[in-house]
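Enquirer:
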Amino acid sequence: MTDEWKAPAKASAESGDEKSWKLLEKTLLAGVQEQRRSRRWGIFFKSLTFLYLIGALILLSPLISMEKGASLGSGYTALIDVTGMIADKEPASADNIVGSLRAAFEDKKVKGVVLRINSPGGSPVQSGYVYDEIRRLRGLHPDTKVYAVISDLGASGAYYIASAADQIYADKASLVGSIGVTAAGYGFVGTMEKLGVERRTYTSGEHKSFLDPFQPQKPAETQFWQSVLDTTHQQFISSVKKGRGDRLKDKEHPELFSGLVWSGEQALSLGLIDGLGNASSVARDVIGEKELVDFTVEESPFDRFSKKLGASVAEHLAMWMGFQGPSLR
164 MTDEWKAPAK
174 ASAESGDEKS
184 WKLLEKTLLA
194 GVQEQRRSRR
204 WGIFFKSLTF
214 LYLIGALILL
224 SPLISMEKGA
234 SLGSGYTALI
244 DVTGMIADKE
254 PASADNIVGS
264 LRAAFEDKKV
274 KGVVLRINSP
284 GGSPVQSGYV
294 YDEIRRLRGL
304 HPDTKVYAVI
314 SDLGASGAYY
324 IASAADQIYA
334 DKASLVGSIG
344 VTAAGYGFVG
354 TMEKLGVERR
364 TYTSGEHKSF
374 LDPFQPQKPA
384 ETQFWQSVLD
394 TTHQQFISSV
404 KKGRGDRLKD
414 KEHPELFSGL
424 VWSGEQALSL
434 GLIDGLGNAS
444 SVARDVIGEK
454 ELVDFTVEES
464 PFDRFSKKLG
474 ASVAEHLAMW
484 MGFQGPSLR
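Just so we're aligned, residue 164 is where the sequence shown starts under the working numbering, counting upward by one.
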């Protein structure tokens, strides 16, 4: 083939390669753009799902409103549930109970407050806070009476709270009392020795690790810890005596402060309660307003999730290790 024929053929081949490269480039560019669009839509739908879940949690959240009883007549009875462990970040935390109490006392239509209790107790700090707030609110609103009504169980810290009320009611088979303090842990000293594990603890302060379950107890530290529990117990007893006054038969029955529990029927004869009844009967027959309006603060699922998420790992580890404060239960 002559050079005259080779030149057009070469140019044609180069033109074909250029077209192929451009086609490939367009194809790759289209693929990248499609991936970008897919990512954008993926982010959009994920964000939409997240917003939907947040909205659902907000809409499903039980809310307390001062207008709860707006559709009712001239008056009603405020109902506040104290259920489960009395502790921070729990439904029966002091903040939740106190918030409910304040809302109830500020409502002009509330003719009386019923604390419906079903709890084994819990933190002496949380219980003491609620006790003090009940007495403070009673002082500010002397015409609004507070009645504690124990259902299945009103023990220890729960009875601490109940003793601040004007009167206490329970079912004849309810369990009432347990005026005592406990602080429990575990000891793994023998187990560590059998496993051949050496515990190495570095502290600043002679007694900083006195609750360490992997070290032997020292008599002086055990005596000190007992004094802390005894002091808390005396605070509990003093509050119950102040709340119950002469109704309490403690002089004839010193075992009232031993940590024992009694049935509602027995508790009535001991002065631990004032009568037998339930929330409805107290509202109807004692307060005189049978309509019950629930003022219990209930956290939304989102709030509960946030609190659980924000709980300190060190706190849970400390509890597992045996470093647990006094408990009224």
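Positions of the beta carbon are idealized from the N, C-alpha and C atoms, including for glycine.
#1: Using the C-alpha atoms, what's the distance from proline 376 back to tyrosine 349?
#2: So, are the CB atoms of glycine 438 and tyrosine 332 less than 8 Å apart?
#3: Would you mind working out which of Gln397, Lys357 and Gly340 sits nearest glycine 317, comparing C-alpha positions?
#4: Indicate whether valine 245 and valine 445 have their beta-carbon atoms separated by less than 8 Å.
#5: Just verifying my parser: in three-state terms, what is the DSSP assignment at aspartate 270?
#6: Quick check on leucine 300: does DSSP put it in helix, strand or coil?
#7: Which residues mark the beginning and the end of the alpha helix (DSSP H) in which glutamine 330 is found?
#8: Quick one: complete alpha helix (DSSP H) runs, 4+ long, within the stretch 338-379?
#9: What number of angstroms, rounded off, separates the C-alpha of tryptophan 388 from the C-alpha of tyrosine 310?
#10: Measuring alpha carbon to alpha carbon, tell me which residue in Pro379, Gln398 and Lys453 is nearest serine 319.
#11: For serine 337 versus glycine 427, is the C-beta spacing smaller than 8 Å?
#12: For asparagine 281, does the three-state DSSP call read helix, strand or coil?
#13: Please report how far the alpha carbon of glycine 406 lies from the alpha carbon of leucine 358, in whole angstroms.
#14: Looking at C-alpha atoms only, which residue of Ile342, Val288, Gly368 and Thr354 is the closest neighbour of proline 417?
#15: Can you check whether the CB of serine 314 is closer than 8 Å to the CB of valine 161?
#16: Using CA atoms only, rank isn't needed, just tell me which of Ala346, Val360 and Glu356 is closest to threonine 395.
#17: Helix, strand or coil for valine 403? Go by DSSP, reduced to three states.
#18: So, is the C-beta of threonine 364 closer than 8 Å to a C-beta in chain E?
#19: Helix, strand or coil, according to DSSP, for histidine 396 in the structure here?
#20: Using only CA atoms, which one of Leu433, Ser401 and Arg299 lies nearest to glutamate 415?
#21: In this structure, what does DSSP give as the bridge partners for tryptophan 493?
#22: Contact defined as beta carbons within less than 8 Å: I believe alanine 255 pairs with glycine 247. What is the distance between those atoms, to the nearest angstrom?
#23: Alpha carbon to alpha carbon, how far is alanine 267 from leucine 223? Give it in angstroms, no decimals.
#24: Using the Cβ count rule (16 or more neighbours within 10 Å means buried), how would you classify threonine 364?
#25: Where DSSP assigns a beta bridge to threonine 190, which residues make up the other side?
#26: Taking only the alpha-carbon atoms, compute the straight-line gap between leucine 264 and glutamate 296 and give it to the nearest angstrom.
#27: I need the straight-line Cα distance from valine 360 to valine 352, nearest angstrom please.
#28: Write down the C-beta distance between arginine 299 and alanine 442 rounded to the nearest angstrom, noting that I regard them as a contact closer than 8 Å.
#29: Sorted by chain position, which residues of the same chain lie with C-beta nearer than 7 Å to glycine 238's C-beta, five sequence neighbours on each side aside?
Expert: On the basis of the coordinates in this document:
#1: The residue labelled residue 349 in the question sits at position 186 within the sequence shown. The residue labelled residue 376 in the question sits at position 213 within the sequence shown. Rounded to whole angstroms, tyrosine 349 to proline 376 spans 6 Å at the Cα level.
#2: Position 275 of the sequence shown, counting from 1, holds the residue named residue 438. Position 169 of the sequence shown, counting from 1, holds the residue named residue 332. In this structure, tyrosine 332 lies closer than 8 Å to glycine 438 by Cβ.
#3: Numbered from 1 along the sequence shown, position 154 holds the residue referred to as residue 317. The candidate whose alpha carbon is nearest that of glycine 317 is Gly340.
#4: Position 82 of the sequence shown holds residue 245. Position 282 of the sequence shown holds residue 445. For valine 245 and valine 445, no; Cβs fall outside 8 Å.
#5: Mapped onto the sequence shown, residue 270 falls at position 107. Aspartate 270: coil per DSSP, three-state reduction.
#6: Position 137 of the sequence shown holds residue 300. Correct three-state label for leucine 300: helix.
#7: Counted from its first residue, the sequence shown places residue 330 at position 167. Unbroken run through glutamine 330 is the beta strand (DSSP E), 330-333; no alpha helix (DSSP H).
#8: 352-358
#9: Within the sequence shown, the letter at position 225 stands for residue 388. Within the sequence shown, the letter at position 147 stands for residue 310. Each residue's alpha carbon lies about 35 Å from the other.
#10: The residue you call residue 319 lines up with position 156 of the sequence shown. Checked all of Pro379, Gln398 and Lys453; the closest Cα to serine 319 is Gln398.
#11: Locating residue 337 in the sequence shown gives position 174, where the first residue counts as 1. Locating residue 427 in the sequence shown gives position 264, where the first residue counts as 1. Their beta carbons are under 8 Å apart, which means serine 337 touches glycine 427 by this criterion.
#12: Looking up residue 281 in the sequence shown gives position 118. If DSSP states are grouped into helix, strand and coil, asparagine 281 belongs with the strands.
#13: For the purposes of this step, residue 406 is taken as residue 243 along the sequence shown, with counting starting at 1. For the purposes of this step, residue 358 is taken as residue 195 along the sequence shown, with counting starting at 1. Rounded to the nearest angstrom, the two C-alpha atoms are 52 Å apart.
#14: The residue given as residue 417 occupies position 254 in the sequence shown. Comparing Cα positions, the closest option is Ile342.
#15: Because the chain here runs from 164 to 492, residue 161 falls outside it and cannot be looked at.
#16: Along the sequence shown, one-based indexing puts residue 395 at 232. Nearest C-alpha to threonine 395: Ala346.
#17: Translated into positions along the sequence shown, residue 403 becomes position 240. DSSP places valine 403 in helix when its eight states are reduced to three.
#18: Here there is only one protein chain, and chain E is not present.
#19: Taking the sequence shown and counting its residues from 1, the one referred to as residue 396 is at position 233. It is helical.
#20: As a working mapping, residue 415 is identified with position 252 in the sequence shown. The candidate whose alpha carbon is nearest that of glutamate 415 is Leu433.
#21: Here the chain comprises residues numbered 164 to 492, so residue 493 is not present and cannot be evaluated.
#22: Here the question's residue 255 lines up with position 92 in the sequence shown. Here the question's residue 247 lines up with position 84 in the sequence shown. The pair is a contact, with the Cβ atoms about 5 Å apart (cut-off 8 Å).
#23: Here residue 223 is taken as the residue at index 60 of the sequence shown, counted from 1. Here residue 267 is taken as the residue at index 104 of the sequence shown, counted from 1. Low confidence applies here, because leucine 223 scores a pLDDT of 47, under 50, leaving its location unreliable; read the following figure in that light. The alpha-carbon atoms of leucine 223 and alanine 267 are separated by roughly 23 Å.
#24: Stepping through the sequence shown from its first residue, residue 364 is reached at position 201. Threonine 364 comes out exposed.
#25: Along the sequence shown, one-based indexing puts residue 190 at 27. For threonine 190, which the question treats as bridged, DSSP gives no partner whatsoever.
#26: On the sequence shown, residue 264 is found 101 positions in, with the first residue counted as 1. On the sequence shown, residue 296 is found 133 positions in, with the first residue counted as 1. Whole-angstrom Cα-Cα distance: 8 Å.
#27: In the sequence shown, counting from the first residue as 1, residue 360 sits at position 197. In the sequence shown, counting from the first residue as 1, residue 352 sits at position 189. Approximately 10 Å, taken between the alpha carbons.
#28: What you label residue 299 is simply residue 136 of the sequence shown in a count that begins at 1. What you label residue 442 is simply residue 279 of the sequence shown in a count that begins at 1. Arginine 299 to alanine 442, Cβ: 23 Å. No contact.
#29: Position 75 of the sequence shown, counted from the first residue, corresponds to residue 238. If we look at glycine 238 and ignore the five residues flanking it on each side, its Cβ neighbours are Lys272, Lys274 and Glu452.
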